[in-house]
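Letter by letter, the sequence shown follows residues 423 to 611 in the numbering used here.
Note that beta-carbon positions come from the ideal geometry of N, C-alpha and C, so glycine has one too.
These numbers were taken from a predicted model, which means no experiment stands behind them.
What follows is a short report on a single structure.
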Amino acid sequence: MTSVSNVSGNVSTSAFIKFAIAFVLACCGYYISILMGGEASLSSWIHAPFLGPAIFGGIQWIFWVVLGKELCGKYYGIVIALLMAGFYLMVQPWFNIVSPTWYSIVGVISAIVLGYLTEKYNGAVGLASFVIINWACFAGLAQYPTWSSAYTYSGLGIAFVLSIVSGYVGDIVAKYIAKYLKPHLESYL
Numbered sequence: 423m424t425s426v427s428n429v430s431g432n433v434s435t436s437a438f439i440k441f442a443i444a445f446v447l448a449c450c451g452y453y454i455s456i457l458m459g460g461e462a463s464l465s466s467w468i469h470a471p472f473l474g475p476a477i478f479g480g481i482q483w484i485f486w487v488v489l490g491k492e493l494c495g496k497y498y499g500i501v502i503a504l505l506m507a508g509f510y511l512m513v514q515p516w517f518n519i520v521s522p523t524w525y526s527i528v529g530v531i532s533a534i535v536l537g538y539l540t541e542k543y544n545g546a547v548g549l550a551s552f553v554i555i556n557w558a559c560f561a562g563l564a565q566y567p568t569w570s571s572a573y574t575y576s577g578l579g580i581a582f583v584l585s586i587v588s589g590y591v592g593d594i595v596a597k598y599i600a601k602y603l604k605p606h607l608e609s610y611l
């Protein structure tokens, strides 16, 4: 592999290309999630917080994380998840929760967990953990009696199962697409 020299030594051009691919994938995932939205239209049927990521997280998060890992290698899925969380946090607080101000840290932590568990196991585990972390922190923040009266247990159960299905589908589709993209990118990586 060719390399370029800089002040700190040799840097592989493939590392630069891999990070550029990760950046583009994170931008695509962020843009898709902004376009999709969807939580407001579904909240009248299923009463659960963070419903959009639970249902559409397979295409909004998992697809891009798995595609990055499959194309670029180990740990690039975590990089993509962190970049996506960073893009969200540059625009607004995590899920528009402004008080307490530290709540956006939950977004960074849940993105790291999503990326790590998706790489280690699969997208179903990654997305389900992402949803559970956000639910747990939101429930603790909203005081449990208030939170439990606003959301039904059946709604939480349905949203949890849908997050597993969505994560699994996003994982499978990304691996399928990566299988066809990787031969075309191998000469650059």
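Backbone secondary structure at Ser434 - three-state DSSP: Position 12 of the sequence shown, counted from the first residue, corresponds to residue 434. Assignment of Ser434 by DSSP, reduced to helix, strand and coil, places it in the strand class.
Where Lys496 sits in the DSSP three-state scheme: As a first step, residue 496 must be located in the sequence shown, where it is residue number 74. Note: Lys496 maps to coil in three-state DSSP.
Ranges of the alpha helix (DSSP H) found wholly within the segment 496-533, counting only runs of at least 4: 498-513
Nonlocal neighbours in the same chain, by C-beta distance under 7 Å from Pro471, ignoring five residues either side: Along the sequence shown, one-based indexing puts residue 471 at 49. Result list for Pro471: Trp557, Phe560, Tyr573, in chain order.
Candidates Leu611, Val553, Tyr510, of which the one nearest Ile456 by Cα: In the sequence shown, the residue the question calls residue 456 occupies position 34. Of the listed residues, the one whose Cα sits closest to Ile456 is Tyr510.
Cβ-based burial, Ser434 [other Cβ within 10 Å; buried from 16]: As a working note, residue 434 is residue 12 in the sequence shown. Exposed is the call here.
Cβ separation of Ile443 and Gly490, assumed to be a contact under 8 Å, to the nearest whole Å: Mapped onto the sequence shown, residue 443 falls at position 21. Mapped onto the sequence shown, residue 490 falls at position 68. Yes, they are in contact, since the Cβ atoms of Ile443 and Gly490 sit about 7 Å apart, within 8 Å.
Option in Glu541, Phe445, Leu536, Trp516 with minimal Cα separation from Gly529: Working through the sequence shown from its first residue, we reach residue 529 at position 107. Among Glu541, Phe445, Leu536, Trp516, the Cα nearest to that of Gly529 belongs to Trp516.
With 16 other Cβ atoms within 10 Å as the buried cut-off, status of Ser588: Locating residue 588 in the sequence shown gives position 166, counting from the first residue. By the 10 Å Cβ count, Ser588 comes out buried.
Through-space distance from Ala476 to Gly495, alpha-carbon basis: Within the sequence shown, the letter at position 73 stands for residue 495. Within the sequence shown, the letter at position 54 stands for residue 476. Their Cα atoms are separated by approximately 26 Å.
Which of helix, strand or coil DSSP assigns to Ala600: As a position in the sequence shown, residue 600 is number 178, starting the count at 1. If DSSP states are grouped into helix, strand and coil, Ala600 belongs with the helices.
Endpoints, alpha helix (DSSP H) assigned at Ala470: Here residue 470 is taken as the residue at index 48 of the sequence shown, counted from 1. Unbroken run through Ala470: none, as it is neither H nor E.
Three-state secondary structure (DSSP) of Ser588: The residue given as residue 588 occupies position 166 in the sequence shown. Ser588 falls in the helix class under three-state DSSP.
Backbone secondary structure at Tyr538 - three-state DSSP: Within the sequence shown, numbered from 1, the residue matching residue 538 stands at position 116. Three-state result, Tyr538: helix.
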